[in-house]
Amino acid sequence: MESKKSKGILERLNAGEVVVGDGGYVMQLERRGYVKAGHWTPEAAVEHPEAVRQLHREFLRAGANVMQTFTFYCSEDKLEISGNVSNISGGQINEAACDLAREVANEGNALVAGCVSKTPCYQNSRNEPKVKAIFKKQMDDFLKRDIDFFIVEFVDHVEEAVWAVQVLKTSGKPVGATMCISPQGDMQGIPPGECAVRLVKAGADIVGVNCHLDPLTCIDTVKLMKEGLEKAGLRAHLMIQPLGFHTPERNHSGYINLPEFPFALETRAMTRWDIHKYAREAYNAGIRYIGGCCGFEAYHIRAIAEELCAERGFLPPASEKHGPWGAALEMHTKPWVRARAHREYWENLLPASGRPKCPSMATPAEDEEHQLKSNIPT
Ligand SMILES: [Zn+2]
Numbered sequence: 001m002e003s004k005k006s007k008g009i010l011e012r013l014n015a016g017e018v019v020v021g022d023g024g025y026v027m028q029l030e031r032r033g034y035v036k037a038g039h040w041t042p043e044a045a046v047e048h049p050e051a052v053r054q055l056h057r058e059f060l061r062a063g064a065n066v067m068q069t070f071t072f073y074c075s076e077d078k079l080e081i082s083g084n085v086s087n088i089s090g091g092q093i094n095e096a097a098c099d100l101a102r103e104v105a106n107e108g109n110a111l112v113a114g115c116v117s118k119t120p121c122y123q124n125s126r127n128e129p130k131v132k133a134i135f136k137k138q139m140d141d142f143l144k145r146d147i148d149f150f151i152v153e154f155v156d157h158v159e160e161a162v163w164a165v166q167v168l169k170t171s172g173k174p175v176g177a178t179m180c181i182s183p184q185g186d187m188q189g190i191p192p193g194e195c196a197v198r199l200v201k202a203g204a205d206i207v208g209v210n211c212h213l214d215p216l217t218c219i220d221t222v223k224l225m226k227e228g229l230e231k232a233g234l235r236a237h238l239m240i241q242p243l244g245f246h247t248p249e250r251n252h253s254g255y256i257n258l259p260e261f262p263f264a265l266e267t268r269a270m271t272r273w274d275i276h277k278y279a280r281e282a283y284n285a286g287i288r289y290i291g292g293c294c295g296f297e298a299y300h301i302r303a304i305a306e307e308l309c310a311e312r313g314f315l316p317p318a319s320e321k322h323g324p325w326g327a328a329l330e331m332h333t334k335p336w337v338r339a340r341a342h343r344e345y346w347e348n349l350l351p352a353s354g355r356p357k358c359p360s361m362a363t364p365a366e367d368e369e370h371q372l373k374s375n376i377p378t
């Protein structure tokens, strides 16, 4: 399949363009009934392609410049352990996911990123040849289809992320690497700055973070990565795809350690106005690839595109149905609702949860995490 895109990811970033990423697939498709939580495997690309295609379209319409393949946890070892898929191979899912992403990307001017994530093999064995063979298998699936670049995402040990980058770089395509880490560093305590240095030395063209923590915490982590690169005299583009949830607890493993994960996170959802603040702060931090992960819906992506409209020079198609800063409310029949049709109102609003018995913060399960960490073979 021939794609009609004009510029690749590095051409866009090298030219100083803001690249808007897409939002979260796996958690959104779980809520819509196509993914099983706990397993979190992406067989829906084969079983329910219409559901995956529709979500791609929503992100494209909202302004995303990249369609990530719906291939989270789609390594053969993960599919086998999850036991959630029979009669469908990892190769079939990877190839179907590439075709869906390409089909929708070509409806706009978007790029397709083939995505790999952390493997159970690393967690269980730390065996470099075995782990690399798993990434190579997935890469070979992607290379049978038309993809523009690769993203390594949701990896919490820099060693594994480096191995993934080393494998994917053999394709000759650009590679972005995002780790799901906190400002405290990876699961072995390697600081974000050092993680970024190792990833760039391994060949990553774009580095940053995704998932696990809220936007402002993730910006802090990427700032530490940037500092580390500058100190080492290295350069790379910066990327961020945080949660669409508030995680002010800032615990090391993020939302997975919160009691609400994964079935009661709704009270923590970001508003579109929270996302305006995020997009601006990410831009000011020098990050030019700005998207979202779990909890990021189409209206959040649209909010990134609207906040950065002046820098990018255009609005996304979905803004046809959205007045900036609540402007559409000027049409409302009730004067007290009309009074909300301005930026100051939404920027300063402190939204109530409507749940009088809810605490504002939770106690993360850090103790259990430390217990588990001490059991990981080294
Ligand atoms: Zn996520």
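Residue numbers (full-length UniProt numbering): 1 to 378. Backbone N, C-alpha and C fix where the C-beta goes; we use that ideal spot for every residue, glycine too. Quick caveat: nothing in here was measured; it's all calculated off a predicted structure.
Sorted by chain position, which residues of the same chain lie with C-beta nearer than 6 Å to residue i's C-beta, five sequence neighbours on each side aside?
{"i": "VAL46", "result": "ILE88, GLN92, ILE93 and ALA96"}
{"i": "VAL162", "result": "ARG198 and ALA202"}
{"i": "THR217", "result": "ARG250"}
{"i": "ARG272", "result": "TYR299 and ALA303"}
{"i": "ARG61", "result": "PRO317 and ALA318"}
{"i": "HIS246", "result": "ASP214 and ARG268"}
{"i": "VAL26", "result": "VAL35, TRP40 and PHE72"}
{"i": "LYS169", "result": "VAL175 and GLY203"}
{"i": "LYS132", "result": "TRP163 and VAL167"}
{"i": "GLY114", "result": "THR69, PHE142, ILE147 and PHE150"}
{"i": "LYS136", "result": "VAL167"}
{"i": "ILE81", "result": "PRO120"}
Using a Cβ-Cβ cut-off of 8 Å (strictly less than) and excluding sequence neighbours within five positions of residue i, which residues of its own chain qualify?
{"i": "PHE261", "result": "TYR255"}
{"i": "LEU329", "result": "GLY323, VAL337, ARG338, ARG340 and ALA341"}
DSSP on residue i, reduced to helix/strand/coil?
{"i": "PHE142", "result": "helix"}
{"i": "ARG19", "result": "The sequence given here places Val at residue 19; Arg does not occur at that position. Of the three classes helix, strand and coil, the one that applies to VAL19 here is strand, per DSSP."}
{"i": "GLU281", "result": "helix"}
{"i": "GLU159", "result": "helix"}
{"i": "ALA310", "result": "helix"}
{"i": "LEU100", "result": "helix"}
{"i": "PHE149", "result": "strand"}
{"i": "THR378", "result": "Legend: pLDDT at THR378 = 37, less than 50; position of this residue unreliable, value from coordinates given subsequently. Here THR378 sits in coil by DSSP."}
{"i": "CYS115", "result": "strand"}
{"i": "PHE154", "result": "strand"}
{"i": "ILE93", "result": "helix"}
{"i": "ALA133", "result": "helix"}
{"i": "ARG288", "result": "coil"}
{"i": "ALA105", "result": "helix"}
{"i": "ALA269", "result": "strand"}
{"i": "GLU320", "result": "helix"}
{"i": "GLU2", "result": "Model confidence at GLU2 stands at a pLDDT of 46, short of 50, so the residue's coordinates are unreliable and nothing is read from them."}
{"i": "GLU260", "result": "coil"}
{"i": "residue 422", "result": "Because the chain in this structure spans residues 1 to 378, residue 422 falls outside the shown range and cannot be described."}
{"i": "ALA164", "result": "helix"}
{"i": "residue 379", "result": "Outside the shown range of the chain (1 to 378) lies residue 379, about which nothing can therefore be said."}
Quick test of your reading: residue i and residue j, contact by CB under 8 Å. State the CB separation rounded to the nearest angstrom.
{"i": "residue 386", "j": "PRO120", "result": "Because the chain here runs from 1 to 378, residue 386 falls outside it and cannot be looked at."}
{"i": "ALA64", "j": "ASP99", "result": "So it is not a contact: roughly 18 Å between Cβ atoms."}
{"i": "GLU297", "j": "GLN28", "result": "7 Å"}
{"i": "GLY208", "j": "ILE181", "result": "Incorrect: roughly 10 Å between the Cβ atoms, too far for contact."}
{"i": "ALA236", "j": "ASP205", "result": "6 Å"}
{"i": "LEU234", "j": "VAL200", "result": "5 Å"}
{"i": "residue 379", "j": "LEU229", "result": "For the chain, the structure presents residues 1 to 378; residue 379 sits outside this window and is missing."}
{"i": "GLU193", "j": "GLU153", "result": "A quick correction: the sequence has Gly, not Glu, at residue 193. Between GLU153 and GLY193 the Cβ distance is about 19 Å, and since that is not below 8 Å, they are no contact."}
{"i": "GLU103", "j": "ARG53", "result": "7 Å"}
{"i": "ASP148", "j": "LEU111", "result": "4 Å"}
{"i": "LYS366", "j": "HIS252", "result": "Inspection of the sequence shows that residue 366 is occupied by Glu rather than by Lys. Right, their Cβ atoms sit about 7 Å apart."}
{"i": "SER75", "j": "GLN138", "result": "6 Å"}
{"i": "SER171", "j": "LEU143", "result": "6 Å"}
{"i": "VAL18", "j": "ILE290", "result": "7 Å"}
{"i": "THR221", "j": "PRO248", "result": "The pair is not a contact, with the Cβ atoms about 15 Å apart (cut-off 8 Å)."}
Give me, in chain order, the residues of the same chain whose beta-carbon lies closer than 7 Å to that of residue i; leave out the 5 immediate sequence neighbours on both sides.
{"i": "CYS309", "result": "LEU315"}
{"i": "residue 391", "result": "Only positions 1 to 378 of the chain appear in the structure, and residue 391 is not among them; the question remains open."}
{"i": "ASP77", "result": "THR119, PRO120, CYS121 and ILE134"}
{"i": "LEU55", "result": "TYR25, GLN28 and LEU29"}
{"i": "CYS293", "result": "GLY24, ASN210, CYS211, GLN241, PRO242 and LEU243"}
{"i": "VAL85", "result": "THR41, GLU43 and LEU79"}
{"i": "TRP325", "result": "HIS342, ARG343 and TRP346"}
Counting only C-beta atoms, is residue i closer than 8 Å to chain C at any point?
{"i": "ARG268", "result": "Here chain C cannot be found, since the structure has a single protein chain."}
Distance cut 5 Å, beta-carbon to ligand 1 heavy atom: residue list by chain order: Those residues, listed in chain order, are CYS211, CYS293 and CYS294.
May I have a chain-ordered list of the beta strand (DSSP E) segments no shorter than 3 residues that lie completely inside the segment 167–254? Fully enclosed beta strand (DSSP E) runs of 3 or longer: 175–179, 206–210 and 237–241.
Any beta strand (DSSP E) of 3 or more consecutive residues that is wholly inside the segment 9–91: Listed in chain order, the complete beta strand (DSSP E) runs (minimum 3 residues) inside the segment 9–91 are 66–68.
I'd like the ranges of any alpha helix (DSSP H) spanning at least 4 consecutive residues and lying wholly in the segment 327–374. You should have 335–338, 343–348 and 366–373.
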